[in-house]
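First comes the structure, then the notes that go with it.
Numbering (the UniProt record's numbering), first residue to last: 1 to 112.
Right under this line is the structure:
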């Protein structure tokens, strides 16, 4: 379980930055090079490369080597792991909320 938590920490840390989320949205439309990813942002290719390293470490993207270019591609496997974690915890939170609602309703009925 510790490895899963570490992977999740990397994924959530990577997703915490709006630029990285925008990069992932761009890659959801198709593979792109660093220069293509840098165009929509007021950032240097070096700054985008730093964001890409974070995304790569979280295993949210892959980079291949095609001649001189290193196109980036979205890799959703670890994103799916985070989605599953959220879904699992959402159910726990919803169950607790339902129990609280029932308890509050019982208190209101008792006060009448």
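Using N, Cα and C, we set each Cβ at its ideal position, and we do this for glycine too. Small disclaimer: the values here were computed from a predicted structure and weren't measured.
Identity of the residue in the options nearest residue i by Cα
i, options, result
"residue 67", "33, 16, 102", "33"
"residue 6", "96, 88, 81", "81"
"residue 14", "59, 36, 30", "59"
"residue 29", "9, 42, 43, 76", "76"
Simplified DSSP state of residue i, which is helix, strand or coil
i, result
"residue 63", "strand"
"residue 106", "helix"
"residue 32", "strand"
"residue 18", "helix"
"residue 87", "helix"
"residue 73", "strand"
"residue 13", "helix"
"residue 42", "coil"
"residue 96", "helix"
"residue 47", "helix"
"residue 82", "helix"
Contacting residues, own chain, Cβ-Cβ under 6 Å from residue i (five flanking each side not counted)
i, result
"residue 38", "45, 48"
"residue 1", "Only weak support is given to the placement of residue 1: the predicted model assigns it a pLDDT of 48, under 50, and the value that follows is read from those uncertain coordinates. The answer is none, since no qualifying residue turns up."
"residue 89", "none"
Contacts around residue i, its chain only, beta-carbon distance under 8 Å, and the 5 residues preceding and following it disregarded
i, result
"residue 64", "70, 71, 73"
Contacting residues, own chain, Cβ-Cβ under 7 Å from residue i (five flanking each side not counted)
i, result
"residue 27", "61, 72, 73, 74"
"residue 35", "45"
The stretch 49-56 in contact with the stretch 13-20 per 3-pair CB rule at 8 Å: Touching, yes.
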